[in-house]
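Colleague:
4 protein chains.
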Amino acid sequence: MIKAAVIGATGYVGGELARLLLYHDGVTLTTLMSRSGEGKPYRERFRNFWHTGLTLTETNFDRAAEENDVIFVAAPHGVASANITGDILKKTRVIDMGADFRLSNADIYEKWYNTRHEGRKTLPEAVYGLTELWRGRIAAARLVANPGCYTTAAITALWPLFKERLALPGSVIVDAISGVSGSGRDVRETNLFCEVNESLKAYGVGIHRHTPEIEEGLSRALGADVAVTFTPHLAPVSRGILATCYVSLAEPAGADELWRLYSEYYGAERFIRLLPPGNSPQTRWVRGSNYLDIGVFADERTGRAVIVAALDNMVKGAAGQAVQNMNVMFGLPEDAGIGQLAVYP
Amino acid sequence: MIKAAVIGATGYVGGELARLLLYHDGVTLTTLMSRSGEGKPYRERFRNFWHTGLTLTETNFDRAAEENDVIFVAAPHGVASANITGDILKKTRVIDMGADFRLSNADIYEKWYNTRHEGRKTLPEAVYGLTELWRGRIAAARLVANPGCYTTAAITALWPLFKERLALPGSVIVDAISGVSGSGRDVRETNLFCEVNESLKAYGVGIHRHTPEIEEGLSRALGADVAVTFTPHLAPVSRGILATCYVSLAEPAGADELWRLYSEYYGAERFIRLLPPGNSPQTRWVRGSNYLDIGVFADERTGRAVIVAALDNMVKGAAGQAVQNMNVMFGLPEDAGIGQLAVYP
Amino acid sequence: MIKAAVIGATGYVGGELARLLLYHDGVTLTTLMSRSGEGKPYRERFRNFWHTGLTLTETNFDRAAEENDVIFVAAPHGVASANITGDILKKTRVIDMGADFRLSNADIYEKWYNTRHEGRKTLPEAVYGLTELWRGRIAAARLVANPGCYTTAAITALWPLFKERLALPGSVIVDAISGVSGSGRDVRETNLFCEVNESLKAYGVGIHRHTPEIEEGLSRALGADVAVTFTPHLAPVSRGILATCYVSLAEPAGADELWRLYSEYYGAERFIRLLPPGNSPQTRWVRGSNYLDIGVFADERTGRAVIVAALDNMVKGAAGQAVQNMNVMFGLPEDAGIGQLAVYP
Amino acid sequence: MIKAAVIGATGYVGGELARLLLYHDGVTLTTLMSRSGEGKPYRERFRNFWHTGLTLTETNFDRAAEENDVIFVAAPHGVASANITGDILKKTRVIDMGADFRLSNADIYEKWYNTRHEGRKTLPEAVYGLTELWRGRIAAARLVANPGCYTTAAITALWPLFKERLALPGSVIVDAISGVSGSGRDVRETNLFCEVNESLKAYGVGIHRHTPEIEEGLSRALGADVAVTFTPHLAPVSRGILATCYVSLAEPAGADELWRLYSEYYGAERFIRLLPPGNSPQTRWVRGSNYLDIGVFADERTGRAVIVAALDNMVKGAAGQAVQNMNVMFGLPEDAGIGQLAVYP
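Heads up: the sequence lines are chains W, U, S and B, in that order. For the first sequence, the working numbering begins at 25 and goes up steadily by one. For the second sequence, the working numbering begins at 25 and goes up steadily by one. For the third sequence, the working numbering begins at 25 and goes up steadily by one. For the fourth sequence, the working numbering begins at 25 and goes up steadily by one.
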């Protein structure tokens with residue numbers, strides 16, 4: 025049994041990790057840590073855990089590392105890079121849910137996050153945890169940077185087109201809609217029910233921090249720099265990301281042709297479901313599950329491909345993919361503990 | 025492995041049964057039937073099953089009975105009573121999700137459902153499937169009448185008070201709120217998004233068909249007739265039932281006292297979670313799970329107990345309890361395949 | 025033109041008052057006050073006012089009173105009673121949206137609100153502002169206590185039955201569902217979108233502060249004490265209250281009979297719409313409007329009347345009724361500025 | 025008083041027209057027609073009209089034309105073109121809410137709508153009713169083609185950039201999210217609450233019929249052909265459209281510069297509200313109102329402008345703009361009857 029700890033267990037991502045790990049056959053969830061959690065029953069933060077006896081303990085990276093085979097860090101950016109030292113990584117393996125180790129270039133991180141990167145020493149050890157694309161490296165990693173929710177959708181959606189050099193590098197627009205859980209459990213006016221309900225908005229236009237992460241992913245596919253215009257939107261759903269991704273094609277291609285290409289890349293994947301041409305994914309079909317559904321469209325009038333990806337931001341966009349990565353790291357079946365179907369309706 | 029079939033697999037309850045049975049370790053889901061389903065991929069009705077190869081077949085009770093150890097019937101009322109014959113019950117065991125076998129008195133059924141009862145012969149064989157209350161009889165049953173969603177909440181909420189003769193029989197008011205999935209996948213104007221969203225309504229005031237079912241349950245507890253005023257409401261959530269149940273107490277009791285009584289009845293139950301006095305259940309903590317949460321309150325000013333119960337109408341209120349009953353009938357652990365925590369948020 | 029000020033203009037009720045008063049033909053909205061509002065554009069709090077040049081000023085009861093014919097106080101309880109002195113009432117008329125002057129007995133207030141009542145001197149001048157029931161007294165009032173949202177629904181729903189001595193005084197149960205705007209714009213975790221969405225809960229069971237207010241209203245109808253069990257619920261809608269009210273009838277009555285009785289009381293009312301027997305009100309038909317819709321039901325099996333009332337908690341449950349009261353106080357047509365239909369869908 | 029009729033009064037757009045016209049000071053709403061409406065009380069379809077005595081009559085274009093100064097046609101496409109003859113237009117003025125007269129080229133209409141255009145004779149008389157852009161021609165028109173909801177947002181958002189030749193014609197991507205009322209009151213499974221709630225989807229990718237309408241509008245601005253990739257999305261809100269529009273700029277420009285340009289175009293408009301640079305519109309601030317809010321962004325890294333527009337699809341996107349056009353046609357103040365603020369929250 026893999027012994028696992030969650031640091032930052034009181035936020036939504038922490039709760040989702042606990043939910044998935046608690047009933048994972050290959051895992052013993054030993055520890056739930058939060059900053060001032062010492063001794064508090066976990067049920068006080070998450071009443072769906074009412075019947076469990078789980079208790080929070082105070083955050084202590086050293087103790088977590090010593091007592092566990094893997095620790096999941098679900099803390100605000102800056103926390104992991106300040107605490108995940110080489111010493112920690114000798115004792116345990118780490119899956120960081122935050123942004124600290126996602127960008128390989130710390131300068132770019134510092135520019136977009138407007139803060140010092142405290143983990144430049146460990147950064148080179150980090151492997152980017154988009155499972156389907158970097159499975160081999162993840163298997164061997166001590167430190168996995170679990171991707172952002174928008175990023176998982178966007179990179180997966182556009183990867184084959186860049187890998188095949190079919191997409192023009194300057195043409196990428198990612199327009200995505202997220203549910204509200206993506207902004208966390210922070211008590212802010214903008215997250216109040218009456219401020220979100222029956223409303224739609226764009227936010228962080230041109231400046232959202234997932235932009236350089238998408239760019240790095242696509243640049244790796246192409247082997248050259250890719251610039252992205254990214255606009256996230258908020259809609260009144262608790263869970264779900266729908267990313268609609270636009271690229272101009274280097275040469276004309278129809279939907280069938282695109283579909284065949286995507287089939288080659290993703291046809292054998294356990295968690296990527298490629299819909300037939302003409303079908304658009306919907307977040308309701310992935311809600312609560314680790315699936316990432318993709319629809320491919322060709323707008324032949326304008327020479328663009330439009331790739332639509334849907335995922336649950338809490339699962340494939342966060343905790344589910346983290347468990348998928350853990351499974352890969354420890355040689356378990358990739359779907360262990362995360363094979364559930366979407367809960368619908 | 026138990027071989028199982030679902031008849032009426034294209035409605036919401038059928039889909040939920042398929043979801044739970046597909047990953048149940050002790051079950052092989054052999055058959056999904058619907059009236060005109062012959063050969064259609066199941067994914068066309070439920071895209072969360074996209075990656076499965078499940079296919080619908082035409083409804084055929086005989087074939088389902090011959091090939092399976094248990095069949096779940098998720099059809100409109102009248103279908104099960106017309107088709108579940110003694111002959112069928114010799115070949116297989118049946119869990120009926122509909123109302124046909126819930127009321128022990130066919131005359132009362134005919135009055136409330138305004139239709140002939142076609143299954144008077146088999147009716148005496150039916151066992152009412154509120155698992156926690158009739159577990160022993162369910163274990164031996166060939167035919168289980170799975171309770172209504174409102175009914176499960178109301179009877180469980182009030183059972184101890186009537187069993188202990190603490191509740192005055194003429195004083196019961198059950199006021200409940202349901203999510204929209206409770207009214208099924210029928211394409212009716214009243215179920216359109218814009219007709220339901222941002223609205224609240226009562227419906228079926230004084231005439232809802234779960235009324236006699238609640239009355240029969242509570243009458244069994246008391247050993248005498250209990251009359252109930254029942255008002256269901258609709259709120260814009262997909263899943264969930266919250267039932268607020270009022271009774272006048274035969275003698276004064278405080279919340280602590282009530283809580284101790286309920287502890288005796290339900291403290292050892294796997295799926296009933298009794299909240300401490302002062303805490304009210306919320307459907308978000310049971311969403312997607314088989315739990316039934318109960319809060320007990322005493323309005324000492326007026327001499328009433330107010331018992332609040334929350335469940336997911338698709339799970340404990342339908343498919344989950346059906347699987348729970350199947351587990352009991354076949355000697356499996358009661359939580360096999362339905363132990364999941366609520367998916368939150 | 026009536027000169028009007030709103031004190032506490034940055035909450036939801038304050039915003040709704042501003043919305044209604046700004047386009048009221050008989051009113052000049054001179055002043056929007058908030059505690060630290062000095063000089064801030066109102067649009068920063070309410071972007072629906074973007075194109076207006078309205079600006080907040082600091083709260084100053086004296087100045088508001090000197091410069092206006094009427095002031096609306098939309099502040100937390102305790103504020104109005106501490107500031108609305110006899111001196112203020114000589115200079116202006118006041119409509120208080122809070123609870124301070126709703127209960128005629130300050131001792132009962134102190135018990136339920138668990139705080140000292142600072143306005144015992146002015147309390148006798150206050151008139152309870154349920155327009156349809158106390159129109160005459162409101163017309164002459166210097167100080168109107170605008171009713172609570174739940175209270176408006178419950179008292180209006182049950183008034184005729186108590187006035188006619190048809191309801192048994194100990195039998196009242198009010199079970200109501202509210203939208204989230206009722207809990208204000210406070211930034212609390214329980215009001216976050218993800219904590220409210222797709223969930224249903226009861227709260228304040230047996231201890232909600234609108235209870236004594238409902239009791240006082242019904243006691244006035246009966247001329248004797250009435251005790252009420254009141255349970256409020258929260259559902260994921262922004263606006264709306266649906267109150268389902270139960271009473272045992274002193275003598276048998278059918279729905280038609282009840283309907284005729286209610287017609288006599290409310291048939292001529294501009295803002296009360298009595299639906300025909302068998303029809304239940306829904307909040308979508310009153311959303312954004314000042315209407316209060318009533319449905320009358322008789323549960324003849326149990327000898328109860330079930331009266332269902334729907335209103336928009338921000339309009340008839342707060343700001344709209346306040347404007348209705350202002351219209352009465354200043355001799356304007358009762359529907360001036362508040363005659364709009366519900367915005368549907 | 026202008027005498028007005030609504031044909032197609034039982035759909036959502038018809039209901040919204042009735043709501044706005046009923047309380048318009050300059051209008052007498054004489055007639056509400058629907059196909060089989062003869063004699064039915066309007067309240068049966070829209071209970072927010074409960075207290076009105078409005079009654080439906082059968083659809084009769086001739087009678088409507090003879091008895092009214094203006095008729096609003098809110099019918100499926102094809103109906104207006106088949107019925108609005110030159111003869112009708114001699115008797116009355118017509119505002120068509122459908123698509124029949126929006127495209128000046130009937131061949132393009134026939135291609136996108138896959139049906140014959142029955143009104144080629146009257147088509148040249150039609151004036152496109154995006155009020156702010158074609159006010160002069162609308163004033164004189166006998167037949168106004170009221171724009172689509174998405175189209176109003178997209179053309180208004182991009183007009184200044186094309187008029188000033190700042191946008192590259194092949195670079196336009198319009199990515200928009202709509203509320204569910206946009207798909208009408210048709211009883212289809214895809215519009216059921218449980219199919220829409222807690223879900224996000226794209227639909228009609230590359231083939232939505234508003235595409236050629238957006239293209240014609242922008243082509244008029246540029247004086248040359250503009251091709252558009254348009255992707256509509258559906259989110260679980262009743263009302264609202266948020267359109268995020270991308271263009272590559274012919275020369276570098278920052279947000280301030282763009283804002284100044286938009287100020288010149290829209291600064292004096294009654295219903296267009298230009299937000300300061302860095303601010304994104306949200307549909308909650310326009311809900312129930314005729315406002316169209318615009319936010320301008322420059323993604324200087326990629327040389328794109330991102331213009332975000334928000335409107336209420338039932339008001340500025342349909343019935344509100346129709347009334348605005350009527351006001352222009354009859355010389356009334358442009359905001360007569362439609363000056364209301366958004367109902368928030």
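From the three backbone atoms N, C-alpha and C, an ideal C-beta is built for every residue, glycine too.
Any beta carbon of chain B sitting closer than 8 angstroms to that of U/Cys218?
Modeller: Your numbering for residue 218 of chain U matches position 194 in the second sequence. Closer than 8 angstroms to some Cβ of chain B, the Cβ of U/Cys218 qualifies, so yes.
Colleague: Enumerate in chain order the residues of its own chain whose CB-to-CB distance from S/Thr255 is below 6 angstroms, with the five nearest sequence positions on each side excluded.
Modeller: Start at 1 with the first residue of the third sequence, and residue 255 of chain S comes out as number 231. Asp199, Ala226 and Val229, listed in sequence order.
Colleague: What first and last residue would you give for the alpha helix (DSSP H) that runs through U/Gly319?
Modeller: If you number the second sequence from 1, residue 319 of chain U lands on position 295. That residue, U/Gly319, is in no alpha helix (DSSP H); its beta strand (DSSP E) goes Leu316 to Asp323.
Colleague: Name the chain W residues whose beta carbon is nearer than 7 angstroms to that of S/Ser205?
Modeller: Numbered from 1 along the third sequence, position 181 holds the residue referred to as residue 205 of chain S. Ordered by position in chain W, the residues that pass the 7 angstroms Cβ test against S/Ser205 are Cys218.
Colleague: How about the region 142-152 of chain B and the region 108-121 of chain B: do they share at least three Cβ pairs that are nearer than 8 angstroms?
Modeller: Result yes; three or more Cβ-Cβ pairs closer than 8 angstroms.
Colleague: Helix or strand or just coil, what does DSSP make of U/Pro65?
Modeller: For the purposes of this step, residue 65 of chain U is taken as the residue at position 41 of the second sequence. Residue state, collapsed to three classes: strand.
Colleague: Determine the chain W residues that contact B/Leu340 at a beta-carbon separation under 9 angstroms, and present them in chain order.
Modeller: On the fourth sequence, residue 340 of chain B is found 316 positions in, with the first residue counted as 1. Before going on, a small fix: residue 340 of chain B reads as Lys here, not Leu. None at all; the shortest Cβ gap to chain W is about 15 angstroms.
Colleague: So, do the region 160-172 of chain U and the region 120-131 of chain U have three or more beta carbon pairs nearer to each other than 8 angstroms?
Modeller: As far as the Cβ criterion goes, the region 160-172 of chain U touches the region 120-131 of chain U, which means the pair count is three or higher.
Colleague: Does any residue of chain W bring its CB to less than 8 angstroms from the CB of B/Val271?
Modeller: Locating residue 271 of chain B in the fourth sequence gives position 247, counting from the first residue. B/Val271 does not count as touching chain W.
Colleague: Would you say B/Val51 faces chain U, with C-beta separation under 8 angstroms as the test?
Modeller: As a working mapping, residue 51 of chain B is identified with position 27 in the fourth sequence. Chain U contact via Cβ: absent.
Colleague: Between the region 63-77 of chain U and the region 86-104 of chain U, are three or more C-beta pairs nearer than 8 angstroms?
Modeller: The region 63-77 of chain U, when compared against the region 86-104 of chain U, does not touch it at the 8 angstroms Cβ threshold.
Colleague: Below 8 angstroms between beta carbons: does that hold for B/Gly39 and S/Tyr368?
Modeller: Along the fourth sequence, one-based indexing puts residue 39 of chain B at 15. Along the third sequence, one-based indexing puts residue 368 of chain S at 344. Against a cut-off of 8 angstroms, the Cβ pair of S/Tyr368 and B/Gly39 comes out as a contact.
Colleague: Using a 10 Å radius around the Cβ and a threshold of 16 neighbouring Cβ atoms, would you call W/Lys114 buried or exposed?
Modeller: The count along the first sequence starts at 1 and reaches residue 114 of chain W at position 90. W/Lys114 comes out exposed.
Colleague: For U/Leu266 versus U/Ala366, is the C-beta distance shorter than 8 angstroms?
Modeller: Numbered from its first residue, the second sequence carries residue 266 of chain U at position 242. Numbered from its first residue, the second sequence carries residue 366 of chain U at position 342. Taking 8 angstroms as the Cβ cut-off, U/Leu266 and U/Ala366 do not qualify as a contacting pair.
Colleague: Closer than 8 angstroms, CB to CB, is W/Val229 near chain S or not?
Modeller: For the purposes of this step, residue 229 of chain W is taken as the residue at position 205 of the first sequence. It does not; no Cβ of chain S falls within 8 angstroms.
Colleague: Using 8 angstroms as the threshold, is the C-beta distance between S/Ala259 and U/Ile201 below it?
Modeller: Here residue 259 of chain S is taken as the residue at index 235 of the third sequence, counted from 1. Here residue 201 of chain U is taken as the residue at index 177 of the second sequence, counted from 1. Contact flag set, yes.
Colleague: Counting only Cβ-Cβ distances shorter than 9 angstroms, please list the residues of the region 285-296 of chain S near chain W, keeping chain order.
Modeller: If the cut-off is 9 angstroms between Cβ atoms, the region 285-296 of chain S has nothing near chain W.
Colleague: Where DSSP assigns a beta bridge to S/Thr409, which residues make up the other side?
Modeller: Within the shown structure, residues of chain S are numbered from 25 to 369, placing residue 409 of chain S beyond reach of any answer.
Colleague: Verify the CB distance criterion: does B/Gly344 have a CB-CB separation below 8 angstroms to chain S?
Modeller: Mapped onto the fourth sequence, residue 344 of chain B falls at position 320. No, no contact with chain S.
Colleague: Compute the Euclidean distance between the alpha carbons of B/Met25 and S/Ser60, then round it to the nearest angstrom.
Modeller: For the purposes of this step, residue 25 of chain B is taken as residue 1 along the fourth sequence, with counting starting at 1. For the purposes of this step, residue 60 of chain S is taken as residue 36 along the third sequence, with counting starting at 1. If I take the Cα positions, the gap works out to 47 angstroms.
Colleague: List the DSSP bridge partners of B/Phe254.
Modeller: Position 230 of the fourth sequence, counted from the first residue, corresponds to residue 254 of chain B. B/Val198.
Colleague: Could you tell me which residues DSSP puts in a beta bridge with B/Lys167?
Modeller: Within the fourth sequence, the letter at position 143 stands for residue 167 of chain B. Per the sequence presented here, residue 167 of chain B reads as Leu, with Lys not at that position. B/Val118 and B/Ala150.
Colleague: Check whether the region 152-163 of chain B touches the region 281-301 of chain B, counting contact only when three or more Cβ pairs, one atom from each stretch, lie closer than 8 angstroms.
Modeller: Yes, the region 152-163 of chain B touches the region 281-301 of chain B.
Colleague: For U/Asn424, does the count of other Cβ atoms within 10 angstroms reach 16, so buried, or fall short, so exposed?
Modeller: Outside the displayed span of chain U (25 to 369) sits residue 424 of chain U, for which this structure offers no information.
Colleague: At which residues does the beta strand (DSSP E) containing B/Glu334 begin and terminate?
Modeller: For the purposes of this step, residue 334 of chain B is taken as residue 310 along the fourth sequence, with counting starting at 1. At residue 334 of chain B the sequence reads Ala, which differs from the Glu that was named. From DSSP, the beta strand (DSSP E) with B/Ala334 extends over Arg328 to Leu335.
Colleague: Does U/Tyr160 have its Cβ less than 8 angstroms from a Cβ in chain S?
Modeller: The residue you call residue 160 of chain U lines up with position 136 of the second sequence. Checking the displayed sequence, the identity of residue 160 of chain U turns out to be Gly instead of Tyr. Not one chain S Cβ lies under 8 angstroms of U/Gly160.
Colleague: Tell me the residue span of the alpha helix (DSSP H) that contains B/Ser287.
Modeller: Locating residue 287 of chain B in the fourth sequence gives position 263, where the first residue counts as 1. From DSSP, the alpha helix (DSSP H) with B/Ser287 extends over Ala279 to Tyr290.
Colleague: Report yes or no: do the region 233-251 of chain W and the region 188-197 of chain B share at least 3 C-beta pairs separated by less than 8 angstroms?
Modeller: Judged by Cβ distances under 8 angstroms, the region 233-251 of chain W makes no contact with the region 188-197 of chain B, as fewer than three pairs qualify.
Colleague: Using 8 angstroms for Cβ pairs, my map puts W/Ala360 next to W/Gly77. What's the rounded Cβ distance?
Modeller: Along the first sequence, one-based indexing puts residue 360 of chain W at 336. Along the first sequence, one-based indexing puts residue 77 of chain W at 53. Between W/Gly77 and W/Ala360 the Cβ distance is about 24 angstroms, and since that is not below 8 angstroms, they are no contact.
Colleague: Quick check: does the Cβ of S/Ala42 come within less than 7 angstroms of any heavy atom belonging to the ligand SAM?
Modeller: Because no ligand of any kind appears in the structure shown, any question about the ligand SAM cannot be addressed here.
Colleague: For S/Ser262, return the contacting residues in chain B, with the cut-off set at a CB-CB distance below 7 angstroms.
Modeller: If you number the third sequence from 1, residue 262 of chain S lands on position 238. Pro369, listed in chain order.
Colleague: Going by the beta-carbon positions, is the gap between U/Ile238 and U/Ile179 smaller than 8 angstroms?
Modeller: Here residue 238 of chain U refers to the residue found at position 214 when the second sequence is read from its first residue. Here residue 179 of chain U refers to the residue found at position 155 when the second sequence is read from its first residue. In this structure, U/Ile179 lies closer than 8 angstroms to U/Ile238 by Cβ.
Colleague: With 7 angstroms as the C-beta to C-beta threshold (strictly closer), list the residues of the region 60-94 of chain W near chain U in chain order.
Modeller: Going along the region 60-94 of chain W in chain order, one finds Phe70, Arg71, Asn72, Phe73, Trp74 and His75 with a Cβ nearer than 7 angstroms to chain U.
Colleague: Please confirm whether U/Asn215 and U/Ser223 have their CB atoms less than 8 angstroms apart.
Modeller: Your numbering for residue 215 of chain U matches position 191 in the second sequence. Your numbering for residue 223 of chain U matches position 199 in the second sequence. Not in contact: U/Asn215 and U/Ser223 (Cβ atoms no closer than 8 angstroms).
Colleague: Could you say which of U/Thr34, U/Cys173, U/Gly63 and U/His141 lies nearest to U/Pro101 if we only look at CA atoms?
Modeller: As a first step, residue 101 of chain U must be located in the second sequence, where it is residue number 77. In the sequence on display, residue 101 of chain U carries His and not Pro. Comparing Cα-Cα distances from U/His101 to each of U/Thr34, U/Cys173, U/Gly63 and U/His141, the minimum goes to U/His141.
Colleague: Which partner residues of W/Ser58 appear in the DSSP bridge assignment?
Modeller: Numbered from its first residue, the first sequence carries residue 58 of chain W at position 34. Note: W/Ser58 sits in a beta bridge opposite W/Glu82.
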